[in-house]
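Note that the protein sequences, when read in sequence, are chains A, B and C. With the first letter of the first sequence counted as 1, position 92 gets the number 92 in the numbering used here; the numbers rise by one all the way through. With the first letter of the second sequence counted as 1, position 148 gets the number 246 in the numbering used here; the numbers rise by one all the way through. With the first letter of the third sequence counted as 1, position 108 gets the number 390 in the numbering used here; the numbers rise by one all the way through. Where a beta carbon is used, it is the ideal one built from N, C-alpha and C, also for glycine. None of these values were measured; they are calculated from a predicted model.
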Amino acid sequence: MTKKDDQKPIVFEGASDMPPMSASQGSMSVNKTASWRSIRPIIHEEKCKSCMICWKFCPEPAIFPTSPPTINYDYCKGCGICIEECPFDAITSEKEGK
Amino acid sequence: MVEIRFHGRGGQGAVKASDVLAMAAFLEGKQVQSFPFFGVERRGAPVTAFTRISDDQIRIHCYIYDPDVLVILDPTLIGAVPLTDGLQPNGKIIINTQRKPEEFDFSGTENPSVYTVDCSSIALKHGLGSEAAPIVNTAILGAVAKATGLVGIDSIAESIMEKIPVKQEKNAEAARESFAQLMG
Amino acid sequence: MKRVLTGNYAAAYGATAAKVNVVAAYPITPQTTIVEILSEIVANGELNAEFIKVESEHSALAACIGAQSAGARTYTATSSQGLALMHELIHWTARARLPIVMTNVNRALGPGWSIWADATDSVSQRDTGWMQVYCENNQEVYDTTLMAYKISEHADILLPTLVNLDAFFLSHTSQVVDMIDQDRVDAFLPTYAPEYKLDIDNPRSFGSLTSPDHYYEFSYKMHKAHEAAKQIIPEVHAQFAKEFGREYGMTESYRCDDAEYLLVTYGTIAGTTMDAVDRMRDKGIKAGALKIRYFRPFPSEEVRSILKNAIKVGVIDRMISFGHEGAFFTETKAAMYGETVPLYGFIAGLGGRDVSIKDIESMVDKMQAEDPSNLIWIGVKE
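As structure tokens, then:
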């Protein structure tokens, strides 16, 4: 069973360890949504101006505002919005599962 | 338990009268219940209200079908609506009218005691309501106190001070005056 | 302190004594005077609460849900069409396990447009997960409102409560109510301190997508909470009786011990039935009355143990589940499964039709004469 720091469960096995209502805390630490991704965005440093438009548009958000920005591939669902929005064509896509 | 049924017309204050009487009895340590006949109220339309007074807890929650006391705030209701239905034998009927008790014929009810008092004139004298629509509810309660002995006139006056939002002194004086003038 | 109060004022003063933090309500006859007096109490500063004016009953309960989720004790009140409009959120409240207390003034649903007493509105919310109580008099409205918070907020329950009172027969009827001093209420009902709430220092997500893997268990837990409530409600009643001297049960039996003809009912009809029982006893008929206070959780075992020794049992419903029978009749029959006592279902008082002592006596007459095959309509004009 996965537990938080306070030893309360994040993933529930059954009624006895569940809260009374649908309330969750920390579930995203185990629920890595990257498994949804079929295309992987790649940031090309040589073209990137660190304008942070990709960071602003990422709906997840799975892009961190470092310079240049970095993508958290545990949570990036591969929606491709960053690729579409990048004004410098600095982000390209690769097929997953190659 | 004593059951009192009020008959008036919308605007005369029959519902408030049932409340004020209940409060007066409460002030004397009784259990009470007061409520209107639950209709849609319009000025001039016949209105019925009810008060129950008891030494014990009051559990019953239906209308009053067999009252011990009838209070008629408007004499024009006599004959227009079936007022005396269910009145207990030796029941009391208190009427706001200029007429004398013996002028009323309540044959069909068993040995009623009839009391009259001109509450409309008393109310107008104290500036309660208008010539066309005097508000007689507090005035008639003095008569009810006198005729029934259910509550003291001082309790009625105290209850008026609590339950009536305006012209409290005038209303209390009207009750005391009808207490003094009651015929029957 | 004793005062003469209408049922609506008794409800409002009950919520005031419970020191609710948020009131959100929308007026509807015959509940309106609850909202009126509460807005006055808040405006006067007698109650330190946020009074949220809303544009509908749906919004009223939504506002309470939000506030309660953030850890506030909340209150709302409605009636009939208003309760129906809340329906979606009535489910939500219970499933979110928010111990909101709501007063419902039992009123018929239209058309024909009716403002008068009928329990169809609240019974229609039967399967939402709320606890439901039906009150007989104004003292019970006040006391039940206070106890409802304590019961609902119990850590093993966490379910909302619908406190029901009959339109006009209680809402607009004045009776003596003994109000409890605030310091004694405070000792009985401590501040609401939920374990799960919206809290920026301890963030959680609430009400998110729940797969079949967990939804089933959440439902199971809600039912278990109702079962726990059957144990805890009598404990709270006992504590209340000890502190304040007034006794309540999930049911209340009146002259049932040796009764041959037992009438089961709820709300104001229960009081009238008890007076009718006295009158029938004077005539030599061994009658008794069983008042059901809690409709959810339904006290089946208690009902069964009281009714099983009667010769005949009648259930009076001020509502009808069309195509079947009165809902309390259905529940009573289910509670009596396996017993052989004949049961009669009476429909009475729909849409505020008065139910007199004579009407109730006529039910026992019918029980003595008829087979329990048909639903019996009392006073219907054929």
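Hey, out of the options, whose CA is closest to residue i's CA?
i      : options                           : result
I43/A  : T33/A, C54/A and A34/A            : C54/A
G527/C : R486/C, Q421/C, D599/C and S321/C : Q421/C
A437/C : V405/C, T360/C, E322/C and A475/C : A475/C
V30/A  : I10/A, K95/A, I91/A and F64/A     : I10/A
S24/A  : W412/C, E529/C and P485/C         : P485/C
Y161/B : F135/B, V100/B and I176/B         : F135/B
S22/A  : L545/C, W374/C and I602/C         : W374/C
L391/C : S487/C, D403/C, P381/C and L471/C : D403/C
W659/C : E583/C, C538/C, T614/C and E607/C : E607/C
D481/C : R285/C, T612/C, S351/C and G327/C : S351/C
K100/A : D89/A, E94/A, S38/A and P69/A     : Nothing in the structure corresponds to residue 100/A, since chain A is present only between 1 and 98.
D599/C : H454/C, G631/C and A651/C         : G631/C
G14/A  : S655/C, A349/C and S493/C         : S493/C
A270/B : L280/B, T246/B, G240/B and G247/B : G240/B
P516/C : Y502/C, P581/C and E328/C         : P581/C
C417/C : E664/C, T314/C and E534/C         : E534/C
N656/C : T622/C, R635/C, I642/C and G605/C : G605/C
Is residue j closer than 8 Å to residue i when the C-beta atoms are compared?
i      : j      : result
V118/B : I220/B : no
M18/A  : E499/C : yes
A122/B : V249/B : yes
V304/C : A331/C : yes
L625/C : V595/C : yes
K573/C : T547/C : yes
R103/B : F133/B : no
A449/C : S361/C : yes
K128/B : K261/B : no
A359/C : L440/C : no
A297/C : T427/C : yes
A552/C : A571/C : yes
A292/C : V423/C : yes
L168/B : H224/B : no
I347/C : A366/C : no
G80/A  : S67/A  : no
The alpha helix (DSSP H) with residue i in it runs from where to where?
i      : result
S211/B : That residue, S211/B, is in no alpha helix (DSSP H); its beta strand (DSSP E) goes S211 to V215.
R377/C : H369 to R377
S341/C : E339 to S351
M504/C : P494 to F526
N235/B : N235 to T246
D684/C : Within the shown structure, residues of chain C are numbered from 283 to 664, placing residue 684/C beyond reach of any answer.
Y295/C : G289 to A299
In this structure, what does DSSP give as the bridge partners for residue i?
i      : result
A306/C : I334/C
P476/C : The partner list for P476/C (beta bridge, DSSP) is empty, contrary to what the question assumes.
E260/B : Partner(s): none; E260/B has no beta bridge.
Y626/C : G596/C
S152/B : Q129/B
S24/A  : S487/C
P442/C : According to DSSP, P442/C bridges with nothing at all.
H105/B : T146/B and I170/B
Where do the ends of the beta strand (DSSP E) carrying residue i lie?
i      : result
P9/A   : Here P9/A belongs to no beta strand (DSSP E), and DSSP marks it neither H nor E.
P134/B : Q129 to P134
G111/B : Premise fails: G111/B is in no beta strand (DSSP E) and is neither H nor E.
N419/C : It is not in any beta strand (DSSP E) - N419/C carries neither H nor E in the DSSP assignment.
G570/C : A569 to I574
M556/C : Per DSSP, M556/C belongs to no beta strand (DSSP E); it is in the alpha helix (DSSP H), T550 to D564.
E94/A  : I91 to K95
E534/C : T533 to Y536
T360/C : T356 to T360
Q457/C : S456 to D460
I39/A  : I39 to I43
So which residues on chain D does residue i lean against when the C-beta distance must stay under 7 Å?
i     : result
G14/A : Among the protein chains of the structure shown, namely A, B and C, there is no chain D.
### Query
Along the region 99-125 of chain B, what residues have a CB closer than 7 Å to any CB found in chain C?
Of all residues in the region 99-125 of chain B, D117, A120, M121 and F124 have a Cβ within less than 7 Å of some Cβ in chain C.
### Query
At a Cβ cut of 9 Å, what residues of the region 38-69 of chain A count as close to chain C, listed as they run along the chain?
none
### Selection of the region 454-484 of chain C by Cβ proximity to chain A, strictly under 7 Å
Y478
### Query
the region 17-39 of chain A: which residues have C-beta closer than 7 Å to a C-beta of chain C, in chain order?
M18, P19, P20, M21, S22, A23, S24 and Q25
### Task
Can you give me, in chain order, the residues of the region 410-443 of chain C that have a beta carbon less than 8 Å from any beta carbon in chain A?
L440
### Task
Below 8 Å between beta carbons is the criterion; list the residues of the region 367-378 of chain C that meet it against any residue of chain A, in chain order.
R377 and A378
### Message
Counting only Cβ-Cβ distances shorter than 7 Å, please list the residues of the region 492-506 of chain C near chain A, keeping chain order.
### Response
T492, H496, E499, F500, Y502 and K503
### Query
Using a beta-carbon distance cut-off of less than 7 Å, what residues from the region 247-275 of chain B approach chain C?
none
### Query
Residues in the region 158-186 of chain B with C-beta within 8 Å of chain C's C-beta atoms, listed in sequence order?
I158, H159, C160, Y161 and Y163
#### Entry: Within 8 Å of chain A by C-beta, residues of the region 284-306 of chain C in sequence order
none
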